[in-house]
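Remember, this note's numbering sits 1 above the position in the sequence shown when you count from 1. We put the CB at the ideal spot given by N, CA and C, even for glycine. Owing to the predicted nature of the structure, the values given are computational and were not obtained by experimental measurement.
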Amino acid sequence: MKGIKILDERELGTRPSWDEYFMKMAIDASSRSSCKHVQAGAVIVKDNQTIATGYNGVPKRIKDNCLEIGCRKELKGLKYEESLDSGECYGVHAEMNALRHITKNIKEFTLYTTIFPCHKCAKELVSYEVGRIIFKSTYSEKEVHGTFEFLTESNVEICELDLSPERVYDIDFNRPKVFFAVWSSDEQKRILRKLL
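And the structure:
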């Protein structure tokens, strides 16, 4: 889409850029999601320091999440894709869960998110004065266009960093040889190499 800056991932075997580092953190946060359809994660960063993280799922006070009981929309006979914004989902978006951890005095922060923000989340992010949004992928093309226009009008820089599975694995496991120096015995080194 015109106006979205595409960020390239670095070569395999190289140190991750700050953007790759924080996007990887958002991907990791998404692993805590309790939604059976979309696993989203978000990280709020200011001056290359992590301020907050979040993932999508039901609020704390709701005991049963969708991974345990099934999608509430589907339990009511609705098709997931056709019931977006129906009010039947109890899930809180990753961006909102991250925002609840920051104070209003943090301005011009960067949001790393695995999914392009929906319009409701974008309005909240702008009200908190987000300066930059870096997303991994989009969810709904229809929603992206309207939200993109809103964010552009609000002077938010929008970037896409679609980290490949190979780069994510590389960031996690392609450590320099000095990494292995902390392992004291040859047996421990052998076990670790086998795992990697």
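Checklist entry - In its own chain, which residues sit with a C-beta less than 7 Å from the C-beta of Val-179, not counting the 5 before and 5 after it? => result Because the pLDDT at Val-179 is just 47, under 50, the model does not fix this residue reliably, and the point stays unresolved.
Next on the checklist: Alpha carbons only, please: which of Thr-153, Ser-155, Cys-119 and Glu-158 is nearest the one belonging to Lys-143?
Outcome noted: Cys-119
Checklist entry - Just checking, does the stretch 15-29 make contact with the stretch 49-62 on the three C-beta pairs under 8 Å criterion? => result yes
Next on the checklist: On the DSSP bridge list, what partners appear for Cys-72?
Outcome noted: None; Cys-72 has no bridge partner.
Checklist entry - Can you tell me whether DSSP reads Glu-10 as helix, strand or coil? => result coil
Checklist entry - Whole beta strand (DSSP E) runs in the stretch 45-123 with 3 or more residues, listed along the chain? => result Listed in chain order, the complete beta strand (DSSP E) runs (minimum 3 residues) inside the stretch 45-123 are 50-56 and 111-116.
Checklist entry - Taking just the CA atoms, how far does Leu-112 sit from Glu-150? => result 17 Å
Checklist entry - Is Gly-42 closer than 8 Å to Tyr-22 when the C-beta atoms are compared? => result In this structure, Gly-42 does not lie closer than 8 Å to Tyr-22 by Cβ.
Checklist entry - Which residue's Cα is closest to the Cα of Ile-172: Gly-4, Leu-8, Arg-16 and Ile-5? => result Scanning Gly-4, Leu-8, Arg-16 and Ile-5 for the CA closest to the CA of Ile-172 turns up Arg-16.
Item to check | Cβ of Val-131 within 8 Å of any chain B Cβ | outcome: No chain B appears in the structure shown, which is made up of a single protein chain.
Checklist entry - Got a sec, what are the start and stop residues for the alpha helix (DSSP H) Lys-25 sits in? => result Counting along the chain, the alpha helix (DSSP H) containing Lys-25 begins and ends at 19-31.
Checklist entry - How about Gly-58 and Ser-35: are their beta carbons less than 8 Å apart? => result yes
Next on the checklist: Can you tell me whether Ser-138 is buried or exposed? The criterion is at least 16 other CB atoms within 10 Å of its CB, across all chains shown.
Outcome noted: exposed
Next on the checklist: Between Ser-18 and Thr-115, how many whole angstroms is the CB-CB distance? I'm expecting something under 8 Å.
Outcome noted: In fact, because the Cβ distance is near 17 Å, the residues do not count as touching under 8 Å.
Next on the checklist: Just list the residues that DSSP pairs Phe-136 with in beta bridges.
Outcome noted: Thr-114 and Glu-161
Next on the checklist: According to DSSP, is Gly-42 part of a helix, a strand, or is it coil?
Outcome noted: strand
Next on the checklist: One question on the structure: do Gly-132 and Glu-109 come within less than 8 Å of each other, judged by their Cβ atoms?
Outcome noted: Closer than 8 Å, so yes.
Next on the checklist: Which of the three DSSP states is assigned to Arg-16 in this structure?
Outcome noted: coil
Checklist entry - Considering only residues of the same chain and omitting the five flanking positions on each side of Val-93, which have a CB-CB separation below 6 Å? => result Pro-60
Item to check | Simplified DSSP assignment, three categories, for Tyr-129 | outcome: Tyr-129 falls in the coil class under three-state DSSP.
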